[in-house]
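**Student:** Using our numbering, the first residue of the sequence shown is number 18, and each one after it goes up by one.
Note that CB positions come from ideal geometry on N, CA and C, so glycine has one too.
Since we're looking at a predicted model, the values are computed, not measured.
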Amino acid sequence: MDERKKRGDRGEAAVAEALERRGCAILERQYRCRWGEIDLIARDPAGVLCFVEVKTRSPRAIAPPREAVTAAKQRRLRDAASWYLAQTGWDGLCRFDVAEVYPAGAEGRRQIKYITGAF
18 MDERKKRGDR GEAAVAEALE RRGCAILERQ YRCRWGEIDL IARDPAGVLC FVEVKTRSPR
78 AIAPPREAVT AAKQRRLRDA ASWYLAQTGW DGLCRFDVAE VYPAGAEGRR QIKYITGAF
C-alpha cells in the first residue's frame, strides 16, 4: 500500500473516531458502488444521515483540502449517495459534509476541521 493511501486511511479513521465521540453512528466506511466511493456514512445524534468526504493532506500541501472536492467530485458523491439511499430505503434528512485532516502539530495530534453541509 502506498503512503498516500495509508495517510488517507489514517485520516478517515481519525474522522470516524471524532464523529463517534460526538455521538454519531458510523454506518459505512469506504462505501463503494459503480458511481464512486463515499469515505464515511454516519447518522448524527439528530438522526440526519451524513455523507462525509474526508480529505487528508500532507504537510507540504499548498491549498486547503476542501478545494479538492471539485464540482465533478461533488456530482460523483451525489450519484453514489443516491444509489445508497435507493438501496437502503432511507427517507430521512441527509447532507454532505467535508472533513479536512491536517498533519499532527506540536501537540502530536492530527487536526480535523469538519464542515457541516459543505455542498
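Where does residue 61 fall in DSSP's three states?
**Tutor:** coil
**Student:** Between the region 76-88 and the region 31-39, do three or more beta carbon pairs fall short of 8 Å?
**Tutor:** no
**Student:** Hey, does residue 97 have any beta-carbon neighbour from chain D nearer than 9 Å?
**Tutor:** Given the protein chain composition of this structure (a single chain), no chain D is represented.
**Student:** Measure how close the beta-carbons of residue 115 and residue 98 come, nearest whole angstrom, since I'm counting them as under 8 Å.
**Tutor:** At roughly 14 Å, the Cβ-Cβ gap does not stay under 8 Å, so residue 115 and residue 98 are not in contact.
**Student:** Looking only at C-alpha atoms, which of 96, 66 and 93 sits nearest to residue 44?
**Tutor:** 66
**Student:** Any idea what DSSP makes of residue 78, helix, strand or coil?
**Tutor:** coil
**Student:** Could you say which of 42, 46 and 41 lies nearest to residue 28 if we only look at CA atoms?
**Tutor:** 46
**Student:** Would you mind working out which of 69, 41 and 90 sits nearest residue 48, comparing C-alpha positions?
**Tutor:** 69
**Student:** Roughly how many angstroms lie between the CA atoms of residue 109 and residue 61, to the nearest whole one?
**Tutor:** For residue 109 and residue 61, the distance between alpha carbons rounds to 12 Å.
**Student:** Determine which residues share a DSSP beta bridge with residue 10 and list them.
**Tutor:** Not covered by the structure: residue 10. The range shown for the chain is 18 to 136.
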